[in-house]
Structure formats: C-alpha cells, structure tokens
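Asks:
Numbering (my numbering), first residue to last: 124 to 269.
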C-alpha cells in the first residue's frame, strides 16, 4: 500500500516540477530555442523539487497546468487534497528530484521528460512527465511511471 501511495505521490509531484519554468526569449534559431527550452524545463524541475522538499502545497500546485490529469484520474482541482494527504503521511519527507539522466523531448510547445527520479525517505520512483508551455512557462500536464 505504501508503494502505491508513493508511486501516486511521485507521479503527482513530478508533474508539479515541470510547471514553473523560465520564459524563453523571442527570436533566434529553432535550435537555440530548443536549448533555451531544455534549460527552462531543467530549471523548472529543480524549482519543483525545492517546492516538494518544502512541502508547500500551493507552491507545488503552481507547477501544474489547469488541464492536468494523472494516470489515476486526478485533475488539478483534486490534486490539492491528495498532496495534503501525501505530506501528512510523510511521503515527501526527504524529497529529492534528480534529472541528471533525464531525456527531454520537445515538440513545439509540448515536452516529455523521462526518467525523472523522485526519491525520499519512503523510497523512490522514476517518472515520465508531459509538459506544455503556457504563457511562457512550462507546466505539467500529465505524469506516470517511467
């Protein structure tokens, strides 16, 4: 049961990591924009990891798209209570996000990042996170086990 909850928590949390992101500058070549987007996505995941470690639900939710849906059927509106339960049960204790081995595949305003390693005191999981660029920021639209 703890593993299933950890997996669900990891899926939700990884989704958060993709959301904030830095806006990329206009102009330049497509290759330069791709590098800028990769940098923005990587930075977003780092900020998401910090929000997870701080156990700040509102900060975590800021990384999610309003169109978010996870593999368990949760949308952004039901995510808040889930995150509160995850935090209350200690599943985010010692939370860390590692994207060192992640591959980032960008197609226009959409991206997939995998594997994203989410670990903590309760164990770890590898995730695949889908993101979309909304208003200049990368937001998590879905996630699942990688």
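A virtual CB, placed ideally from N, CA and C, is assigned to each residue, including glycine. Since we're looking at a predicted model, the values are computed, not measured.
With a threshold of 16 other CB atoms inside 10 Å of the CB of residue 246, please say whether the residue is buried or exposed.
Replies: Residue 246 should be labelled exposed.
Asks: When you compare the CB positions of residue 237 and residue 252, do they come within less than 8 Å of one another, or not?
Replies: Going by C-beta atoms, residue 237 is nearer than 8 Å to residue 252.
Asks: Do residue 189 and residue 265 come within 8 Å of each other at the CB atom, strictly closer than that value?
Replies: Going by C-beta atoms, residue 265 is not nearer than 8 Å to residue 189.
Asks: I'd like to confirm the pairing. Which residues does DSSP put opposite residue 219 in its beta bridges?
Replies: Paired residues: 242.
Asks: Just verifying my parser: in three-state terms, what is the DSSP assignment at residue 173?
Replies: If DSSP states are grouped into helix, strand and coil, residue 173 belongs with the helices.
Asks: Sort 257, 268, 180 and 227 by Cα distance to residue 168 and report the nearest one.
Replies: Of the listed residues, the one whose Cα sits closest to residue 168 is 227.
Asks: Measure the alpha-carbon distance for residue 207 versus residue 180 and round it to whole angstroms.
Replies: Residue 207 and residue 180: Cα-Cα distance of roughly 7 Å.
Asks: Quick one: what does DSSP say residue 199 is sitting in, helix, strand or coil?
Replies: Residue state, collapsed to three classes: helix.
Asks: Go ahead and label residue 170 buried or exposed: buried means 16 or more other beta carbons lie within 10 angstroms of its beta carbon, across all protein chains shown.
Replies: Buried, since its Cβ has 16 or more Cβ neighbours within 10 Å.
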